[in-house]
Structure formats: C-alpha cells, structure tokens
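Visitor: Residues in the sequence shown are numbered from 45 upward in steps of one, following the numbering used here. We put the CB at the ideal spot given by N, CA and C, even for glycine.
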Amino acid sequence: MTKILIVEDERPISNLIEMSLRGAGYACTCVYDGTAAADLLERERFDLILLDIMLPGANGYELMEYIRPMGMPVIFLTAKTSVMDKVKGLRLGADDYLAKPFEIIELLARVETVLRRYHKAEARLEAGDVEIDLDSRIVKKAGQPVGLTKKEFDLLVLFVQNQGIALFREKIYERVWESEYMGDSRTVDLHVQRLRRKIGWEDKIKPVYKVGYRLEL
Ligand code: CA
45 MTKILIVEDE
55 RPISNLIEMS
65 LRGAGYACTC
75 VYDGTAAADL
85 LERERFDLIL
95 LDIMLPGANG
105 YELMEYIRPM
115 GMPVIFLTAK
125 TSVMDKVKGL
135 RLGADDYLAK
145 PFEIIELLAR
155 VETVLRRYHK
165 AEARLEAGDV
175 EIDLDSRIVK
185 KAGQPVGLTK
195 KEFDLLVLFV
205 QNQGIALFRE
215 KIYERVWESE
225 YMGDSRTVDL
235 HVQRLRRKIG
245 WEDKIKPVYK
255 VGYRLEL
C-alpha cells in the first residue's frame with residue numbers, strides 16, 4: 045500500500061486530506077509539527093510527503109533540506125501563493141506545490157502524478173558502473189549481471205540512495221531487515237562484506253569508525 049505522510053498543523057485541513065486520501069486507497073500518517081515529522085522520518089519511509097510550510101517546530105523549508113537526501117517525493121501545501129515562495133519550494137527540491145485552499149480532486153490528481161513520475165524515474169538507479177533495476181531487481185556491473193541475495197540487493201539500494209552519507213549499523217539493520225536492531229553488528233558486517241566483494245566495491249563501501257559504513261564513489 046502506498047504510504048503518505050501528512051505534515052500539517054491545521055487539524056481540519058489535515059483531517060480532510062487524510063480522509064480523502066484514505067478514501068482513495070492510500071495509507072496515511074499525520075503529524076502536526078516539524079519536529080515530530082523529522083523524528084518520524086528517522087524511523088520510517090514514505091512514498092510521498094505532503095508538507096505544509098508554516099509549521100510549529102521546524103518549518104517546511106527547513107524540513108525539506110532534511111528530507112531531500114532521503115529521496116522521498118514532496119508536495120508542498122501552503123497558504124502562501126506568491127511566485128517567490130513557489131520558486132523557493134521547487135528549488136529546494138519539492139516535486140509539486142499546492143496552494144490552500146485547494147479542491148480535493150486537485151490534491152488527488154497531483155498526488156497521482158507525482159507518484160507516477162517518481163516511480164518511473166526511480167525504477168532505475170545508476171552508481172558508477174553499476175546499474176540497478178528496482179522493478180526486476182536485476183543488478184549489472186559493467187553490463188554484466190551480478191547475482192545478489194534479497195538482503196544484499198536491499199543493502200546495495202540503501203547505499204546507492206545515500207551516497208556519501210555515513211550510515212549507522214543500526215539504521216542499516218532496521219531498513220534492510222525491517223526489524224529492531226538488537227546490537228548484532230555481525231549480520232550487517234557480513235552482508236556488507238559479501239556485497240562489496242560481489243559488486244567489486246571493496247574500496248568504495250568504507251567503514252566509518254564506531255558508526256557503520258559509507259559509500260564513496
Ligand atoms: Ca500551517
């Protein structure tokens with residue numbers, strides 16, 4: 045099910061959006077301030093984020109800088125309708141912009157469009173001489189297929205989507221194994237070693253002291 049995060053502090057608007065999106069078959073989570081949104085995004089991935097700009101805690105622009113490296117699409121929701129605000133939102137990497145008040149039918153259309161565009165663009169990842177097809181889960185190194193296990197594949201995607209960022213073992217574990225990290229770093233280390241060897245990235249997935257690993261291409 046497609047998961048949408050709604051970050052909007054005005055409850056009536058948030059409730060209306062939630063009801064409409066649920067009705068259209070989306071799974072929704074609502075948070076009402078910027079800090080709660082950032083905390084939640086530490087732990088959970090969403091297919092799309094609807095982000096208000098004027099929020100208590102961190103505002104939408106500040107949150108956007110935090111969200112962008114995570115590679116989740118964002119539609120800004122705002123009462124601000126000036127061209128400058130729109131330009132700022134899009135420059136920061138938002139995928140679309142919706143000025144309040146909006147018709148629900150318009151919201152649904154934008155959500156669909158962004159999701160469709162994003163899935164198409166995201167179906168294929170490239171990193172150096174490695175190509176990843178997310179639909180077929182086929183990985184090629186210099187044009188040659190590489191056989192990866194399911195966990196190795198998920199691990200590779202996580203590294204590629206977070207290039208240059210030091211990933212904590214805990215975070216790696218929770219993302220790839222989808223369960224709570226109990227401090228068993230050997231599982232992560234073992235899989236990273238195997239992935240490195242298979243993909244020929246022994247010198248590219250680097251250990252980060254006391255943290256975990258970072259992909260540097
Ligand atoms: Ca607001």
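(1) Would the beta-carbon of methionine 98 be found less than 6 Å away from any heavy atom of ligand 1?
(2) Compare the beta carbon distance of phenylalanine 120 and glycine 133 with 7 Å and say whether it is the shorter of the two.
(3) I need the boundaries of the beta strand (DSSP E) containing phenylalanine 90, first residue and last residue.
(4) If you follow the alpha helix (DSSP H) that glutamate 109 is part of, which residue opens it and which one closes it?
(5) Going by the CB atoms, is the gap between leucine 95 and valine 44 shorter than 7 Å?
(6) What whole-angstrom Cβ distance do alanine 102 and threonine 73 have, given they're in contact under 8 Å?
(7) Between the C-alpha atoms of tyrosine 105 and tyrosine 253, what's the straight-line distance to the nearest angstrom?
(8) DSSP state of alanine 82, grouped into three classes?
(9) Which whole-angstrom value describes the C-beta separation of isoleucine 243 and leucine 259, a residue pair presumed to lie in contact below a C-beta threshold of 8 Å?
(10) In chain order, which continuous runs of the beta strand (DSSP E) of length 3 or greater are located wholly inside the region 174-217?
(11) Whose C-beta lies closer than 8 Å to the C-beta of valine 201 among residues of the same chain, with five residues either side of it excluded?
(12) Can you name, in chain order, every residue of its own chain whose Cβ lies under 7 Å from the Cβ of aspartate 77, other than the five neighbours on each side?
(13) Which residue from Phe212, Tyr70, Ala81, Ala82 puts its Cα closest to that of leucine 151?
(14) When the Cα of threonine 193 is compared with those of Arg112, Arg238, Ser58, which residue comes out closest?
(15) Comparing C-alpha positions only, which one of Ala82, Met45, Asp173 sits nearest to proline 189?
(16) First and last residue of the alpha helix (DSSP H) that includes threonine 46?
(17) Leaving out five residues before and five after threonine 46 in sequence, what residues of the same chain have Cβ atoms less than 6 Å from its Cβ?
(18) Does leucine 149 pass the burial test, meaning 16 or more other C-beta atoms within 10 Å, or should it be called exposed?
(19) In the structure shown, what three-state DSSP assignment does valine 255 receive?
(20) Suppose you measure from the CA of histidine 235 to the CA of serine 223; what does that come to, to the nearest Å?
(21) Going by CA-CA distance only, name the one from Leu49, Arg55, Pro117, Ala123 that's closest to glutamate 88.
(22) Less than 6 Å between the CB of aspartate 129 and some heavy atom of ligand 1, yes or no?
Guide: Based on what the coordinates show:
(1) yes
(2) yes
(3) No beta strand (DSSP E) contains phenylalanine 90, which DSSP labels as neither H nor E.
(4) 104-111
(5) This structure leaves residue 44 out entirely; the chain is present only between 45 and 261.
(6) No, alanine 102 and threonine 73 are not in contact; Cβ-Cβ is about 17 Å, not under 8 Å.
(7) 32 Å
(8) helix
(9) Actually they do not touch by this definition, with Cβ atoms about 10 Å apart.
(10) 174-177, 182-185, 188-190
(11) Leu169, Ile176, Leu178
(12) Asp53, Leu99, Pro100, Gly101
(13) Tyr70
(14) Arg238
(15) Asp173
(16) From DSSP, threonine 46 is part of no alpha helix (DSSP H); its letter is neither H nor E.
(17) Tyr70, Asp91
(18) Before going further, note that residue 149 is isoleucine rather than leucine in the sequence given. Result: exposed.
(19) coil
(20) 16 Å
(21) Leu49
(22) no
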